[in-house]
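Trainee: I have a structure I would like to understand better, so I am pasting it below and will then ask my questions one at a time.
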Amino acid sequence: MKRFKRKIKSVLISISGILPFSLLQRLASKNPVIINYHSIKGWDPDPIINRNTYRSVKQLEDDLRFFKKHFSIVSIADLHHKNKLAQNSLAFTIDDGLKSVYDLMYPVFNMVGIPAAIFINPDFADNKDIHFLRKRNLILKSINSIDEIANTELQGWLSKKEISIKQLISLLEQISYEDRYILDVLILILRLQNNLINENNPVYMTKAELEIMLKDGFLIGAHSMDHPPFKELTLSEQVKQIKDSIEWVIKQFQLPYRYFAFPSNDNIISREVFESIKEEVDLTLGVQGLLSDEYTTHFHRIEVESTGKSASQVLKYEYCRYIIKKLVGKSIFKRAND
Ligand SMILES: [Zn+2]
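Residue numbers for the sequence shown follow the numbering used here, beginning at 92 and rising by one.
Rendered as structure tokens:
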């Protein structure tokens, strides 16, 4: 099945490559389109995350100019308020609240005159903490070059737990969100507290930086408290992450709206979750490309930076996929019950 899907994808990429953009845009007639970004190529202090495919500043500028030429730029507030949209409307969002957004992306969005909606994790605002997988990556990077005192402590801890260093590394490589406390223990044992948050090279934006962007027309929404993999959470844990983070964001920035973007893939989010949060949120976002959703206040986005292909290529492929989904009656994403 996977091989078949890959084959279909490669055929779609070839077909979409030779068809003109404006033809596919007209045939798909999808309105609005929402584009999501995260960061900038080569910026991330975490060498593993830095391998992800992002745009360079110049590529981001090219993207935005391309979108501005082919679309009417709107904001997700227009979707929330059900404003009448011009033909070919497009909105932007940026997930994760990374410092590269303020330092490198915000100036480009500003230069092109386009605001975006920024989705943040309250636990990481002002660099109070960092994502558990960033801690994991730091430990894996440092474990072979620790000093003698830290090494003695580590060996003592390993023998108490009756595991070898090899077993520890393999445990770390597949660590679950639930077991993340082990990372904090190891950070202390390995004396990595000072490497965790580098004041000269912070990972996340500060509240003050977010305030500046807010005053400049950007919107702010929640992206869960600490970006857990939702598939590892129970239904009530998922709902709590959503409600708590929205509450924090609206209080912190005095917002008259409540927007939420699911961290990672929203395809596993059940109807029960949507039913449980519907009174607490005005609009939610997922990442199923151009598909609509059975929940009409839930909008899907295209992760435009993830393949490294140009904005035009990504859009053409997504339009082709959407046209086919529409033809076979599968353009509305259906959710499962819990
Ligand atoms: Zn995210």
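Ideal Cβ placement from N, Cα and C applies to all residues, glycine included.
Whose C-alpha, out of Ala207, Asn286, Asn201 and Gly420, is nearest the C-alpha of Asp137?
Mentor: The residue labelled residue 137 in the question sits at position 46 within the sequence shown. Nearest C-alpha to Asp137: Asn286.
Trainee: Determine the DSSP secondary structure at Ala182, reduced to helix, strand or coil.
Mentor: Position 91 of the sequence shown, counted from the start, is the residue given in the question as residue 182. Strand at Ala182.
Trainee: Once you ignore the five residues that flank Ile266 on each side, which residues in its own chain have a CB closer than 6 Å to its CB?
Mentor: Taking the sequence shown and counting its residues from 1, one reaches residue 266 at position 175. Hits under 6 Å: Arg227.
Trainee: Specify whether the region 390-403 and the region 121-128 touch according to this definition: at least 3 beta carbon pairs, one from each stretch, less than 8 Å apart.
Mentor: yes
Trainee: Mapping the DSSP letters down to three states, classify Thr243 as helix, strand or coil.
Mentor: The residue labelled residue 243 in the question sits at position 152 within the sequence shown. Three-state result, Thr243: helix.
Trainee: Which value, in whole angstroms, describes the spacing of the CA atoms of Pro111 and Tyr145?
Mentor: Taking the first residue of the sequence shown as position 1, residue 111 is located at position 20. Taking the first residue of the sequence shown as position 1, residue 145 is located at position 54. Between Pro111 and Tyr145, the C-alpha separation is close to 25 Å.
Trainee: For the alpha helix (DSSP H) that contains Glu212, what are its first and last residues?
Mentor: Here residue 212 corresponds to residue number 121 of the sequence shown, with the count starting at 1. Residue identity check: residue 212 is Asn in the sequence provided, not Glu. Taken as a continuous stretch (DSSP letters only), Asn212 belongs to no alpha helix (DSSP H), as it is neither H nor E.
Trainee: Out of Arg117, Pro319, Thr398 and Lys298, which one is the CA nearest neighbour of Trp339?
Mentor: On the sequence shown, position 248 is the one that residue 339 refers to. Out of Arg117, Pro319, Thr398 and Lys298, Lys298 has the C-alpha closest to the C-alpha of Trp339.
Trainee: With a CB to CB cut of under 6 Å and the five nearest residues on each side skipped, what residues in its chain are close to Phe162?
Mentor: On the sequence shown, residue 162 is found 71 positions in, with the first residue counted as 1. A distance below 6 Å between beta-carbons, with the five flanking residues on each side excluded, links Phe162 to the following residues of its chain, in chain order: Asn179 and Leu181.
Trainee: In chain order, which beta strand (DSSP E) runs of at least 3 residues are fully inside the region 266-292?
Mentor: none
Trainee: With hydrogens ignored, establish whether the beta-carbon of Asp137 is closer than 7 Å to any heavy atom of ligand 1.
Mentor: Position 46 of the sequence shown, counted from the start, is the residue given in the question as residue 137. Every heavy atom of ligand 1 is 7 Å or more from the Cβ of Asp137, so no.
Trainee: Return the Cβ separation of Ile230 and Val294 in integer angstroms, given the expectation that the two are a contact with Cβ distance under 8 Å.
Mentor: As a working mapping, residue 230 is identified with position 139 in the sequence shown. As a working mapping, residue 294 is identified with position 203 in the sequence shown. Their Cβ separation, rounded to whole angstroms, is 16 Å, which puts Ile230 and Val294 out of contact at 8 Å.
Trainee: Within the continuous beta strand (DSSP E) that includes Leu376, where are the two ends?
Mentor: As a first step, residue 376 must be located in the sequence shown, where it is residue number 285. Element bounds for Leu376: Leu374 to Gly377.
Trainee: Please determine whether the Cβ atom of His314 lies at a distance below 7 Å from any heavy atom of ligand 3.
Mentor: Absence of ligand 3 from the depicted structure is noted, with ligand 1 being the only ligands included.
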